[in-house]
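Heads up: the structure comes next, in structure tokens.
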Ligand SMILES: Nc1ncnc2c1ncn2[C@@H]1O[C@H](COP(=O)(O)OP(=O)(O)OP(=O)(O)O)[C@@H](O)[C@H]1O
Ligand SMILES: [Mg+2]
């Protein structure tokens, strides 16, 4: 079980309201990702669920039980911190065993569970080392190991991969996804990286200044963003927003087109402009195009498009045109 | 910085100061050893003669010597225990958010900046005086006989006076160490179901082991040589009840004018301090590595 429900949860630090009233439901077994720009309150929200911060108003339920004022240990959740928060004076084995020891589990049972976690996460080679002697990726695994031995009803991750280098991050991302499939336990994962969100999540929660902008599956958010913020945040490279006459033609305040939905054409097309830069990656070509009215567009063409700086190109939209009103809401 | 060239250069540049330090150390030590082997009373220089180890045997067979060794150790252990236990508790308290914390912190570390003789006088007259001391007044208030601290519990009184000053030092060091304790680790432990006591035992205490070791080493150096506090309060008495090693050397040298005996006592004190230091490093040294 690992069903988490937030009802009208508010968090203030003194005067500052970091989370305005917020409702959220996380279902058992789901992989939920909180994503949003830095400072939008992702960590705060996660810490409220964990019980590391007090809720100012509202209630939190886990598996149907109200836990709004329950101490962290009684919520049955396990957390993996950004800094890993391993205990520096204990070996890896003792680190992983710590929650079991605190719960008064028999030593035999502890040994068995630690062995099991170590084998799942390939920790055996450094199980008797101190955290100080491990690499970032290894520490990450130990932190996850310490979380899984408790068999929590849900895992909470706060930007667990942000201290790793790019290639390791891709590997760990895959490992965490695999782990989720294997354990089939609820996971709540915080990141500001929309690629992580898209690749890992069953359900993405997009946060902006403490407000939930949209909740949905990765493809729902990609295809049907509710507003300009979500449209701009999900998808990489970022969606192009175009205002002015081109938008009015679609009876919108602004329109959005994803870079991958442009096609570079010989003549005709929907937009025309001068190439500011052309990046030939082989597989794709990224073009930065300045239109006559001064607005810039980023377009992704196929690898065999041959254009250079200063060329004039025409772009045709082959895909959805997103329309937004003057409030930024999708029409 | 670690090429052979730079190391060689560093050795050459260090050489003059190493030599100066050696002379600085060896000349007084040699002079002390020299005098400790002679019968030499300052008031009767005419009796100056070679005595071999007689000064040493006189010194060691004096019953006051063994008492003083005991008292020296008691002062060292007593003050260290009080300052570390008290310093940890005060440090934890001072590390919490509360109104007026800045001033409270200043007051806690204040005693460290008071000179030992002044501190001892403050305690002797303002707290422990059997007529007008604060403790006497408090005893009278509850209708009890005032305790004659410096008479009845001389060594304990001195330990308290010295601990008062070193408690400030220990608190300062431990507070700084506590501030560098990672809060996320504490939160992780909280989520792992560790009670406040378990968190203290498994996270705070290991984290404090290195500063505690440093406190013990520094305090030991100073506590072996406690003198001013005894000088202004008990003068080593009553009897020899509060006599420590520095005090007995002082007595032999200044009150009996026996320079040879005092020199022998000085050498014994050096040996004693070294034994102490070796034991400490054996027991605590591992806390200082990475
Ligand atoms: N203990 C605190 N006291 C006061 N303000 C706080 C506290 N913790 C967080 N905040 C504020 O709450 C807001 C949200 O912080 P939070 O750490 O949740 O952001 P975040 O989304 O996790 O950002 P990041 O991606 O940088 O980690 C920030 O504006 C921050 O300044
Ligand atoms: Mg954060």
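Protein chains in written order, with the numbering used here: chain A, 1 to 331; chain B, 1001 to 1290.
Note that beta-carbon positions come from the ideal geometry of N, C-alpha and C, so glycine has one too.
Nothing here was measured: the structure is a model prediction, and the numbers come from that model.
Near ligand 1, residues with a Cβ at less than 5 Å from any of the ligand's heavy atoms are A:13, A:18, A:38, A:39, A:40, A:41, A:42, A:43, A:44 and A:192; the list follows chain order. In terms of beta-carbon proximity, residue 166 of chain A stays away from the interface with chain B, with every pair separated by 9 Å or more. For residue 324 of chain A, the enclosing beta strand (DSSP E) covers residues 322–324.
Under the Cβ distance rule, residue 41 of chain A does not count among the residues neighbouring chain B, no pair being separated by less than 9 Å. At least one heavy atom of ligand 2 falls within 8 Å of the beta-carbon of residue 159 of chain A. For residue 1193 of chain B, at least one C-beta of chain A is nearer than 9 Å to its own C-beta. Using a Cβ-Cβ cut-off of 8 Å, residue 52 of chain A is close to 1187, 1190 and 1191 of chain B, given in chain order. Within the stretch 63–93 of chain A, the runs of beta strand (DSSP E) at least 3 residues long that lie entirely inside it are, in chain order, 77–80. Short note on residue 190 of chain A: C-beta closer than 8 Å to some heavy atom of ligand 2.
From the beta-carbon of residue 81 of chain A, the residues of chain B found nearer than 8 Å are 1184, 1187 and 1188. The alpha-carbon of residue 1066 of chain B is positioned some 57 Å away from that of residue 52 of chain A. Listed in chain order, the positions of the stretch 1122–1143 of chain B with a beta carbon within less than 8 Å of a beta carbon of chain A would be empty, since no residue qualifies.
For residue 111 of chain A, the enclosing alpha helix (DSSP H) starts and ends at 107–121.
One finds nothing in chain A with a Cβ atom closer than 8 Å to the Cβ of residue 1099 of chain B; even the nearest lies about 16 Å away. Taking the C-beta atoms as reference points, residue 185 of chain A is found no nearer than 9 Å to residue 225 of chain A. In the structure shown, the three-state DSSP call for residue 226 of chain A is coil. Short of 6 Å from the beta carbon of residue 1124 of chain B, and not among the five residues preceding or following it, lie these beta carbons of its own chain, in chain order: 1233. Remark: C-beta atoms of residue 1172 of chain B and residue 1084 of chain B do not approach each other more closely than 9 Å. Listed by position along chain B, the residues whose Cβ is nearer than 7 Å to that of residue 102 of chain A are 1192, 1193, 1194 and 1198.
At a cut-off of 9 Å, the C-beta of residue 1206 of chain B has a neighbouring C-beta in chain A. Distance from the C-beta of residue 1183 of chain B to the nearest heavy atom of ligand 2 is not below 8 Å. In the DSSP assignment, residue 150 of chain A falls outside any beta strand (DSSP E) and carries neither an H nor an E.
Look at the stretch 1050–1082 of chain B: it has no residue with a C-beta under 7 Å from a C-beta of chain A. In the structure shown, residue 30 of chain A falls within a coil segment according to DSSP collapsed to helix, strand and coil. When the Cα atoms are used, residue 29 of chain A and residue 147 of chain A turn out to be separated by approximately 16 Å. Nearest to residue 208 of chain A by alpha-carbon distance, out of A:141, A:84 and A:41, is A:41. According to the DSSP secondary-structure assignment, residue 252 of chain A is paired through a beta bridge with no residue. In terms of Cβ geometry, residue 268 of chain A and residue 322 of chain A do not form a close pair [threshold 9 Å]. Per DSSP, residue 37 of chain A is not a residue of any alpha helix (DSSP H), being assigned neither H nor E. For residue 73 of chain A, the C-beta contacts it makes with chain B under 9 Å involve 1190, 1191, 1192, 1193, 1194 and 1195, in order along the chain.
Using a Cβ-Cβ distance cut-off of 8 Å, the stretch 203–218 of chain A and the stretch 20–29 of chain A are in contact, since at least three pairs of beta carbons, one from each stretch, lie closer than that value. Interface criterion met: the Cβ of residue 1203 of chain B is under 9 Å from a Cβ in chain A. Here the distance from the Cβ of residue 194 of chain A to the nearest heavy atom of ligand 2 is not below 8 Å. Around the C-beta of residue 1199 of chain B, 16 or more other C-beta atoms lie within 10 Å, and the residue is accordingly described as buried. Membership of residue 1101 of chain B in the alpha helix (DSSP H) is indicated by the continuous run 1101–1109. Membership of residue 240 of chain A in the beta strand (DSSP E) is indicated by the continuous run 240–243.
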